[in-house]
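What follows is one structure encoded as structure tokens, with my remarks underneath.
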Amino acid sequence: MVLWLSMVLPLGSECCYYPVSSFFQWSISLGLFLKQRIRIVHVIESFGGGAFTSVTQIVNHLDPEKFNVYLIYSLRPETPSDFKRFINPNVNLIYLPMEREIHFYKDCLVLYALYREFNRLNPDIVHFHSSKAGALGRVAAWMARVGRVFYSPRGFSFLRDDVGPLKRKLFQFLEKGSAWFGGITVACSKGEYDAARLVSRKVVQINNALDLGLVNEIVEKSDRPRGPLVTIATAGRVSAQKDPGLFRQIAEAVSSARPGRTRFLWIGAGEDEDMLAGGPIEVLGWQPRRETLAILRSEVGIYLQVSRWEGMPLAVLEAMALGLPVVATDVVGNRDAVISGRTGFVHSTPKALEEDLLYLIDHESERIAMGEAGRATVLNEYTMDVLMPKLERLYLG
738 MVLWLSMVLP LGSECCYYPV SSFFQWSISL GLFLKQRIRI VHVIESFGGG AFTSVTQIVN
798 HLDPEKFNVY LIYSLRPETP SDFKRFINPN VNLIYLPMER EIHFYKDCLV LYALYREFNR
858 LNPDIVHFHS SKAGALGRVA AWMARVGRVF YSPRGFSFLR DDVGPLKRKL FQFLEKGSAW
918 FGGITVACSK GEYDAARLVS RKVVQINNAL DLGLVNEIVE KSDRPRGPLV TIATAGRVSA
978 QKDPGLFRQI AEAVSSARPG RTRFLWIGAG EDEDMLAGGP IEVLGWQPRR ETLAILRSEV
1038 GIYLQVSRWE GMPLAVLEAM ALGLPVVATD VVGNRDAVIS GRTGFVHSTP KALEEDLLYL
1098 IDHESERIAM GEAGRATVLN EYTMDVLMPK LERLYLG
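Residue numbers (our numbering): 738 to 1134.
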């Protein structure tokens, strides 16, 4: 075990928090006064998709004059192959293999590795992202007596409906148990805040947000498509969470109702791609973020999000920022981002979602108006200029 740990160290952890004494708060203030940077470690297990974008945006936007930033990460099939290109060079990267599913022996190794790494780095703050990193990391941070710990679930595991009730209860029990070791839970939406209150007493809400630099560049370069053919798309991992079976069911129904007038795209890949095979859906596989955003802006008329559980999906915020109306399932995250009837529609049944799409297919002016309203909503409420001051105040408060 010691040999294995020596190969993976240095390591990291995710969003946690422990009781902070007035002395610790005073020492942070003194450190800023003396221009000594605060050592902060971010830990993420699910380093792909929206979580990848969210965490890289945060570490890139932390003031390097205030913070000495470390990022402990795992790799996933959906992690961009050139991911280091998206992370500022001042961020110290530490690779630690963590698995998404529960595996007692490997999880114990990761727990010990995180504990060793926290002792080595002696961080002032650690912030865990995703359930696995949050569970193991909060225990490790407690063992290492880290001063301030934060945890961002980014979609609670106990909200999953692709597993049975006993497993959901287990996930909820693990969340409650992890919270016992301390830490503030940072919910990324109102719905996630409400869910977090079921398992933790220390919860704050700071909504997910976007760095709009690339989005605005693409909006300026290209116009939204017009005409009778309407492309309907989603972006993300082809997995149970994103419900490819429902996506295909809706695509088949809408294509039959409006023959020759629709095109369905799935931008992404995953273990459930066979559920899309044979349907009226083009699967484009994983694309670089620039290409994904360019396709959504120049080819797509409606964004369709049929996920079964979420935190606050960045893909939906990106679609809105690009000027697309969003039709989405009525789950945590989706209903927090989309204002039904104004920036798109949120419904809970396949039939209602199909009717929403047909309405928008037949009413181009309404598509455009909802898309513009969605873009305005993101510009006003979901930018890094809104998120980062709140997060830094939380870190330093």
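Here a beta-carbon is modelled for each residue, glycine too, at the ideal position from N, C-alpha and C.
Of the candidates Ala916, Gly1070, Leu911 and Thr1120, the residue whose Cα lies closest to the Cα of glutamate 929 is Gly1070.
The Cβ atoms of isoleucine 862 and tyrosine 1132 sit closer than 7 Å to each other.
When the alpha-carbon of leucine 848 is set against those of Ala878, Val883 and Thr999, the nearest one is in Ala878. In the three-state reduction of the DSSP assignment, serine 1035 falls in the helix class.
Taking a cut-off of 8 Å for Cβ pairs, the region 1098-1108 and the region 991-1000 touch, as three or more such pairs fall below it. In the structure shown, the three-state DSSP call for leucine 1097 is helix. Per DSSP, reduced to three states, the secondary structure at alanine 1014 is coil, with no helix or strand assignment. Assignment of histidine 798 by DSSP, reduced to helix, strand and coil, places it in the helix class. Per DSSP, the unbroken alpha helix (DSSP H) holding tyrosine 842 starts and ends at 841-858. Annotation: aspartate 1093 to alanine 990 spans about 12 Å, alpha carbon to alpha carbon.
DSSP places arginine 1000 inside the beta strand (DSSP E), whose first and last residues are 999-1004.
Between alanine 924 and glutamine 942, the C-beta spacing is below 7 Å.
Here proline 1062 is buried. Its C-beta has 16 or more other C-beta atoms within 10 Å.
When the five nearest sequence neighbours on each side are left out, the beta carbons in the same chain lying within less than 7 Å of the beta carbon of leucine 1054 are those of Asn945, Leu947, Ala1074, Val1115 and Tyr1119, in order along the chain.
Non-local beta-carbon contacts of asparagine 805 in its own chain, meaning distances under 6 Å to residues more than five positions away in sequence, involve Arg774 and Arg776 in chain order.
Each residue's CA atom was taken as its position, placing valine 967 and glycine 901 some 38 Å apart. In this structure, DSSP gives alanine 881 a state outside helix and strand, which the three-state scheme calls coil. With fewer than 16 other Cβ atoms inside 10 Å of its own Cβ, arginine 837 counts as exposed. Sorting Gly1108, Ser976, Glu1047 and Ala1058 by C-alpha distance to the C-alpha of glycine 1022 places Ser976 at the top.
Straight across, the Cα-Cα distance linking proline 1126 with histidine 798 is about 10 Å.
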